[in-house]
Structure formats: structure tokens, C-alpha cells
Amino acid sequence: MIEREGDFGKIIEEERTMLTRIVSGLRYLGQGMRLMVGMPEYSTYVAHMHHAHPDRPVMSYEEFFRERQEARYGGNGKVTRCC
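For this note's numbering, add 135 to where a residue sits in the sequence shown, where the first one is 1.
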């Protein structure tokens, strides 16, 4: 039973903190899964390009995805590995 208004505010804040942790955990899970299959994070690529190569254009997400797929699996339908 909530005795004071401060208790209610504390409960709301705890729920907000828990939700923030869950969302953060899901983001880390998604990032980890992408890295396991060799798909780097697009936002990391964009930050790297702005920092290390400010004079070069940044690929769109679609271009980045296609380039990473070709780098990992080979272009023109050629398989470059046995598995």
C-alpha cells in the first residue's frame, strides 16, 4: 500500500530505470547478434567516417549493408569459402 506520494514517485522512477535497462540490454543483444554474423554497426561506421575521413562521402545504410555482405560472402554470386 502506498502511504505517501513520494513512494509512488519512487515506484515510477524504479520502473523507468528498469525499462531503460531492458531497452539497453536489447540494444546490446542486437549489436552482439549483428557482430556474430559479421555485420558491423552502421552508426559506428558513420562515426568513424566523420572522425577519420571527413573528406569522403558516407554510404547510405543500404550501400553499407550491400558492401558488408559482398565483403563477407563475395560478390557476383561467388562463394569464397567452403561453409
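We treat Cβ as the ideally placed atom computed from N, Cα and C, and that holds for glycine. Note that the structure is a prediction, hence the values are computed from the model and not measured.
CA-to-CA, the gap between HIS188 and MET171 works out to about 26 Å. Per DSSP, HIS183 is one residue of the alpha helix (DSSP H) stretching across 177-187. Comparing alpha carbon positions, the residue from HIS183, GLY209, ASP190 and PRO175 closest to PHE200 is PRO175. Boundaries for ARG191: no alpha helix (DSSP H) harbours it, and the DSSP string shows neither H nor E there. Just measuring C-alpha positions, the residue of ARG156, ILE146, VAL181 and ARG169 sitting nearest ARG207 is ARG169.
Close CB contacts of TYR196 within its chain, under the 7 Å cut and outside five residues either way in sequence, are with TYR177 (chain order).
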